[in-house]
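One structure below.
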Amino acid sequence: MANPCFAIVDDDTEFASMTLDLARRRGFTAHAFHRVADAAPWLAHHDPDLTLLDMHLPDGTGFDVLDRIPVQHQGQIVFVSGSSDIEHARRAVASSASAYLPKPLPPNRLMGLLDDVRQSHHAREAALREDGADGLLGESAPMQSLRQEIGRAAPHDVSVLLFGETGSGKELAARALHAQSGRGGRFVAVNCGALPGELLASELFGHERGSFTGAAARHLGFFEQAQGGTLFLDEIGDMPPALQVYLLRTLETGVVQRIGGQGEVPVDVRVVAATHRFSGSGCADLRPDLYFRLARYPIEVPPLRARKPDIPLLANAFVDRLNRRTGQAKRLEERCLPTLLAHAWPGNVRELASAVELAYLRSPDESVRAAPLQAVHHGMAGDDDPAGVRFQVGMTFAQMEAEMLRKTLAFHGGDKTATARSLGISVRTVHNHLARKRGDV
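Structure follows, in structure tokens:
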């Protein structure tokens, strides 16, 4: 069981040291920072369970830290301050922070906060374990075969290429590979299609301060963050060809060179890549030499339609997970199972989870009557309703794809990021589709 993680950002070194020592004695891995420039890069790529954030720092404020980190991925963020600035207190309460505490912070208050966070952390870990071994829930023959393949590959320090449809659970398989590998470092995941090429290079390999406009401090890339662990490169086919050359060199030499850096940094990282675009001869979007380097051990993650006996187990597990989050005691209605089993689930496990969640939220009582989302919207959407998509016999796949993209964009008000997330593709793929469409006009 992994220890919970604690971070403190405070220029009062005595207070930070005392707090750090207390957190470690309560079972946390703990980290201290004294400046915005030091804290923000670390917090941007780590997700501590609890962060104490001082309001006043030598090079800015706690709000400057918040502005530079993905707060949706953080645990609790608690502002602490030795001043009585009412305006700062109001702003802190209105921010993403969960609390605002004045200094001096009583030791019993801090110990209580640490204990609550530790209990929540262990409860979440226990809930994840209940979902099945390493999150791969299912007893069908394809799932048993997948777990066997993961078990064979995990102990060996070879690159693994996971291939399977969008939403089938490739990241869960990658996490299972890491969990069974015995590697002590972190599991770091990156979607290669979610970032433009120039930014992806900086995120993967890191950069030195001043190497380009905006590089205010040294940044350790994903390879260095995953030192001793596993780096998961999702949708590897979306990586620009020029960047694939640098990735291949890193895999072959075991070193990275930060952008703007002179020396090489040795890295001990196991790479697991994933793609949904795969054929028996390989992945057309990858350089052949990179493909063969990544596919030392290829593993197929089966689509949900190939493991339909697992659908009742998965649907009930999703209801149980929602019950833990909400404190309710709802149950899946057995009469809905034939409908769930008859559906093809083109969106795979992700689609099933969305269908169960929608039914759970709409349920007026303790009975959850889940149905495929298409069935929920059937007959409710006209041609001008962005929630409905009409396909006709005779349409090509390209036309169907374009229509689905058009309606999904309309549904999300033109938000390309939300559209990509909804369709299970990268933002870059959305832009490419739109560019091709403009070229056809």
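Take the numbering used here: the final residue in the sequence shown is number 450, and no numbers are missing along the way. Heads up, the beta-carbon is just placed ideally off N, CA and C, and yes, glycines get one too.
- For a cut-off of 8 Å, the C-beta gap from D243 to C201 is around 7 Å, short enough to register as a contact.
- Within a 10 Å sphere around the beta-carbon of Q157 sit fewer than 16 other beta-carbons, which makes this residue exposed.
- Rounded to the nearest angstrom, the Cβ distance from R286 to A293 is 7 Å, consistent with a contact under 8 Å.
- Taking the Cα positions, G336 is about 41 Å away from G246.
- For H40, the uninterrupted beta strand (DSSP E) segment begins and ends at T38 to F42.
- Between the stretch 429 to 437 and the stretch 201 to 219 there are three or more inter-stretch CB-CB distances shorter than 8 Å, so the stretches are counted as touching.
- If you ignore the 5 residues before and after Q234, its C-beta comes within less than 6 Å of the C-beta of H54 and V197, all in its own chain and listed in chain order.
- Sequence-distant partners of A338 (beyond 5 residues in either direction) whose C-beta falls short of 8 Å from its own C-beta, in its chain, are N332 and E375.
- When C-alpha distances from E366 are compared across D73, T284, R330 and R227, the shortest belongs to R330.
- In this structure, Q236 sits near G194, with a CB-CB distance shorter than 9 Å.
- Per the coordinates, the alpha-carbon of T262 lies some 36 Å from the alpha-carbon of G84.
- Secondary structure at I245: helix, using DSSP grouped into helix, strand and coil.
- A direct Cα-Cα distance of roughly 11 Å separates F241 from L213.
- Closest by C-alpha distance to A182, out of L361, V281 and L208, is V281.
- DSSP links Y306 through a beta bridge to V169.
- DSSP places I268 within a strand segment (E or B) once states are collapsed to three.
- Within the model, the alpha-carbon separation for G178 versus R184 is close to 10 Å.
- Assignment of L146 by DSSP, reduced to helix, strand and coil, places it in the coil class.
- A distance below 9 Å separates the beta carbons of T60 and A16.
- Sequence-distant partners of P151 (beyond 5 residues in either direction) whose C-beta falls short of 8 Å from its own C-beta, in its chain, are P311, A315 and R316.
- Secondary structure at R279: strand, using DSSP grouped into helix, strand and coil.
- With distances taken between CA atoms, A444 lies nearest to A411 out of T426, A411, A427 and R430.
- Straight-line measurement puts the Cα of L145 at about 37 Å from the Cα of D47.
- Here the alpha carbon of L260 sits roughly 34 Å from the alpha carbon of P355.
- For I320, the enclosing alpha helix (DSSP H) starts and ends at I320 to T335.
- For D63, the enclosing beta strand (DSSP E) stretches over residues L59 to D63.
- Secondary structure at N200: strand, using DSSP grouped into helix, strand and coil.
- Per DSSP, reduced to three states, the secondary structure at S90 is strand.
- Secondary structure of A16 (DSSP, three-state): strand.
- By alpha-carbon distance to G176, the top candidate from H440, A429, H442 and V439 is A429.
- In the DSSP secondary-structure assignment, H216 is bridged to H228 and I268.
- In summary, M248 is buried, with 16 or more beta-carbon neighbours lying within 10 Å of its beta-carbon over all protein chains present.
- Take the alpha-carbon of A32 and the one of L209: they are about 34 Å apart.
- Of I78, S149 and G270, the smallest CA-CA separation from L322 is found for S149.
- In the three-state scheme derived from DSSP, where H, G and I count as helix and E and B as strand, T175 is classed as coil.
- Ranked by Cα distance from V126, the first of G36, A419, G270 and G91 is G36.
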